[in-house]
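Visitor: Let me give you the structure first, and then I'll get to my questions.
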Amino acid sequence: MKRLFNIVLASATVLMLFAGCSKKEGGDRENILKIYNWADYIDEDVLAEFPAWYKEQTGEDVKIIYQLFDINEIMLAKIERGHEDFDVVCPSDYIIERMLRNDLLLPIDRDFGSTPNYIDGNLSPYIVDCFNKIDGNGKNANDYSVGYMWGTTGIMYNTKHVTREEASTWDVLRNPKFAGKIFIKDAFRDVYGPVLIYLKQKELAEGKITLDELMYDSSDESIALVENYLKDAKQYIAGWEADFGKEMMTKEKADINLTWSGDAVWAIEEAAGVGVSLDYVVPKEGSNVWFDGWVIPKYAKNPKAAKYFINYLCRPDIAVRNMDAIGYVSAIGTPEVLAERTDEQYEPINVSYFFGEGADSVRINPVQYPSAEVIARCAMMHDSGDRTEQLLEMWSRVKGDNMNTWVILVCAAALVGLIALAFTRKRGNKRKKSKRNRR
Ligand code: N2P
């Protein structure tokens, strides 16, 4: 249902753009904010209320065009190859790294006139520290991106059919007991990292390599190891999902879903409403901790509204509303958020790394906020540069795609280019026509 709303919203807002352009010769692009976000990743009312807030703050009108993506690399291709003019986009850590390295981002200045700066001071220091570790070729990611949501990659499971112990190892993907009942997120980097961590347990335990070093490893040897593991697991895998895993789990069509913590929170809650018991665990071997942040691409046409939008999302009350709607965890770590999230139903855990001193024993949802011990066995992904192609090829071989994934990405970017060209021509023709009419 929510997804359907998103699609309608996307089409409706695209229509708004065209309506705006036909009204005013040459269009009113400077009053449009083009947002490109993950599906199911914002409270619908928070989005709808932004234009009124922006008008209040700046006296200016803004219309929103809202488009969705499910896969980081598709979004990246539209910007990197298609030069699409999105004003504000929400990539994950390793893509922010790549965008910085490839000079695709504008710095986000904090000049908001009389509007408070909600960014600095509200972001958890943990998020700021992790963004400091994004390796942007000399550029600090905190100057070019602002944390939005974050979480872990792990295993969501149906507690009626799977024990916590069974779900607590990545080898659950090769457990014949769950044959045909396993769905895996169609996100090659999010699968490659944890599987590699699992396969390199011995080296990690012996101190021959650190978790952080492993997150840079895309050697032929490691790719082959992960490929063999996944090909072995494939006989038990029911499918790859970009977004429907939650539904498969709530409807009990699957027992296991390799997924992101926020999807799990949403599904666990939905399922409880229909008497289905789901849970989520970060396997004992370790995993990815990931961060999505807002950036302003260099092809943006309305960087001013973009930075106000980012600032608006950092208001603690807005952050809480977004969390409530989508299940993911905001990067905002103020006492207000901590108070909102604390709930007697949970066991106390240590989340002082996120909320600061005094938060070492807090009753909070451990799926949303992993405890300090879970965080200690997780690491952030990094851009794999030229090696991305090898990773994508491995992913295609595992899934059995006939077409090379890069070909798909290039086709998607070309299609975007063609649409943009058709749109520009249409505008050009209109301009000529109206000139002729004036003569
Ligand atoms: C929500 C997608 C979350 C993105 N549908 C995780 N990086």
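Here the sequence shown stands for residues 1439 to 1877, numbered as in this note's numbering. Using N, Cα and C, we set each Cβ at its ideal position, and we do this for glycine too.
Suppose the cutoff is 8 Å on Cβ atoms and the five residues either side in sequence are ignored; what does the same chain contact list for Tyr1784 look like?
Guide: Taking the sequence shown and counting its residues from 1, one reaches residue 1784 at position 346. The residues are Arg1801, Ile1802, Asn1803, Pro1804.
Visitor: What's the C-alpha gap between Lys1461 and Arg1467?
Guide: As a working note, residue 1461 is residue 23 in the sequence shown. As a working note, residue 1467 is residue 29 in the sequence shown. In this prediction, Lys1461 scores a pLDDT of 40, lower than 50, which makes its location untrustworthy; the coordinate-derived value is nonetheless stated afterwards. The straight-line gap from Cα to Cα measures roughly 12 Å.
Visitor: If we count Cβ pairs, one from each stretch, closer than 8 Å, do we get three or more for the region 1732-1749 versus the region 1538-1555?
Guide: Judged by Cβ distances under 8 Å, the region 1732-1749 makes contact with the region 1538-1555, as three or more pairs qualify.
Visitor: Run through DSSP, which three-state label would Tyr1474 get?
Guide: On the sequence shown, position 36 is the one that residue 1474 refers to. Reduced to three states, the DSSP call for Tyr1474 is strand.
Visitor: Using C-beta distances below 6 Å, list every residue in its chain close to Gly1618, excluding the 5 sequence neighbours before and after it, in chain order.
Guide: Here residue 1618 is taken as the residue at index 180 of the sequence shown, counted from 1. Cβ neighbours of Gly1618 beyond the five flanking positions: Ala1676.
Visitor: So what's Cys1528 in DSSP terms, helix, strand or just coil?
Guide: Within the sequence shown, the letter at position 90 stands for residue 1528. Of the three classes helix, strand and coil, the one that applies to Cys1528 here is coil, per DSSP.
Visitor: If you follow the alpha helix (DSSP H) that Thr1496 is part of, which residue opens it and which one closes it?
Guide: Mapped onto the sequence shown, residue 1496 falls at position 58. Thr1496 -> alpha helix (DSSP H) spans 1482-1496.
Visitor: What would DSSP say about Met1439, mapped onto helix, strand or coil?
Guide: As a first step, residue 1439 is located in the sequence shown; it is residue number 1 there, counting from the start. Confidence at Met1439 is low in this model, with a pLDDT of 36, below 50, so the placement of that residue should be treated as unreliable; the coordinate-derived value is given next. Coil, per DSSP.
Visitor: Considering Cα atoms alone, identify which of Pro1563, Leu1471, Phe1488, Lys1739 is closest to Ser1790.
Guide: Reading the sequence shown from its first residue, position 352 is the one you call residue 1790. Measuring from the Cα of Ser1790, the nearest candidate turns out to be Pro1563.
Visitor: Give the range of the beta strand (DSSP E) segment to which Gln1505 is assigned.
Guide: Position 67 of the sequence shown, counted from the first residue, corresponds to residue 1505. Per DSSP, Gln1505 belongs to the beta strand (DSSP E) from 1501-1507.
Visitor: From Ala1769, Thr1597, Val1610, Asn1469, pick the residue whose C-alpha is nearest to that of Asp1670; which is it?
Guide: Counting from one through the sequence shown, the residue named residue 1670 turns up at place 232. It is Val1610 whose Cα lies nearest to the Cα of Asp1670.
Visitor: What residue range is occupied by the uninterrupted beta strand (DSSP E) comprising Val1727?
Guide: Counted from its first residue, the sequence shown places residue 1727 at position 289. Counting along the chain, the beta strand (DSSP E) containing Val1727 begins and ends at 1725-1735.
Visitor: Considering only C-alpha positions, which residue in the set Glu1498, Glu1535, Trp1491 is nearest to Glu1511?
Guide: Your numbering for residue 1511 matches position 73 in the sequence shown. Minimum Cα distance to Glu1511 is reached at Glu1535.
Visitor: Is it the case that the CB of Trp1698 approaches a heavy atom of the ligand N2P more closely than 7 Å?
Guide: Locating residue 1698 in the sequence shown gives position 260, where the first residue counts as 1. At least one heavy atom of the ligand N2P is nearer than 7 Å to the Cβ of Trp1698, so yes.
Visitor: Would you check if the region 1532-1546 and the region 1752-1771 touch, i.e. whether three or more CB-CB distances between them fall below 8 Å?
Guide: The answer is no - the region 1532-1546 does not touch the region 1752-1771, with fewer than three Cβ pairs under 8 Å.
Visitor: If you compare alpha carbons, which of Val1714, Gly1589, Phe1682, Asp1628 is closest to His1599?
Guide: Position 161 of the sequence shown holds residue 1599. Closest option to His1599, Cα to Cα, is Val1714.
Visitor: Throw me the rounded Cβ distance for the Phe1729 and Met1832 pair, which I believe falls under 8 Å.
Guide: Translated into positions along the sequence shown, residue 1729 becomes position 291. Translated into positions along the sequence shown, residue 1832 becomes position 394. No, Phe1729 and Met1832 are not in contact; Cβ-Cβ is about 24 Å, not under 8 Å.
Visitor: May I have the straight-line CA-CA distance separating Gln1828 from Ala1757, to the nearest angstrom?
Guide: Along the sequence shown, read from residue 1 onward, the residue named residue 1828 stands at position 390. Along the sequence shown, read from residue 1 onward, the residue named residue 1757 stands at position 319. Approximately 37 Å between the Cα atoms of the pair.
Visitor: Does the distance between the C-beta of Ser1530 and the nearest non-hydrogen atom of the ligand N2P fall short of 7 Å?
Guide: Counting from 1 along the sequence shown, the entry for residue 1530 is found at position 92. Yes - the ligand N2P has a heavy atom lying nearer than 7 Å to the Cβ of Ser1530.
Visitor: From Glu1494 to Ile1473, what distance separates their C-alpha atoms?
Guide: Residue mapping note: residue 1494 aligns to position 56 of the sequence shown, counting from 1. Residue mapping note: residue 1473 aligns to position 35 of the sequence shown, counting from 1. Approximately 20 Å between the Cα atoms of the pair.
Visitor: When you compare only the Cα positions, how much space is there between Ile1787 and Ser1660?
Guide: Here residue 1787 corresponds to residue number 349 of the sequence shown, with the count starting at 1. Here residue 1660 corresponds to residue number 222 of the sequence shown, with the count starting at 1. If you take the alpha carbons of Ile1787 and Ser1660, they lie about 35 Å apart.
Visitor: For Glu1641, collect the residues of the same chain with a Cβ closer than 7 Å to its Cβ; drop the 5 residues on either side in sequence, then sort them by chain order.
Guide: Sequence index remark: in the sequence shown, residue 1641 carries index 203 (1-based). Cβ neighbours of Glu1641 beyond the five flanking positions: Ile1647.
Visitor: Determine the closest residue to Tyr1429 out of Val1712, Gly1731, Ile1694, Tyr1636, with distance taken between C-alpha atoms.
Guide: In this structure the chain extends from 1439 to 1877, so residue 1429 is not present and cannot be described.
Visitor: Determine the extent of the beta strand (DSSP E) in which Tyr1718 is found, giving its start and end residues.
Guide: The count along the sequence shown starts at 1 and reaches residue 1718 at position 280. Here the beta strand (DSSP E) through Tyr1718 covers 1716-1719.
Visitor: Comparing the CB of Trp1728 with every heavy atom of the ligand N2P, is any distance shorter than 7 Å?
Guide: Mapped onto the sequence shown, residue 1728 falls at position 290. Yes; taking the cut-off as 7 Å, the Cβ of Trp1728 has a heavy atom of the ligand N2P nearer than that.
Visitor: DSSP state of Ser1834, grouped into three classes?
Guide: In the sequence shown, counting from the first residue as 1, residue 1834 sits at position 396. If DSSP states are grouped into helix, strand and coil, Ser1834 belongs with the helices.
Visitor: Following the continuous beta strand (DSSP E) through Trp1704, name the residue where it begins and the one where it ends.
Guide: Position 266 of the sequence shown, counted from the first residue, corresponds to residue 1704. Careful: Trp1704 lies outside any beta strand (DSSP E), inside the alpha helix (DSSP H) at 1699-1711.
Visitor: For Ala1702, collect the residues of the same chain with a Cβ closer than 6 Å to its Cβ; drop the 5 residues on either side in sequence, then sort them by chain order.
Guide: As a working mapping, residue 1702 is identified with position 264 in the sequence shown. Cβ neighbours of Ala1702 beyond the five flanking positions: Met1594, Tyr1718, Val1805.
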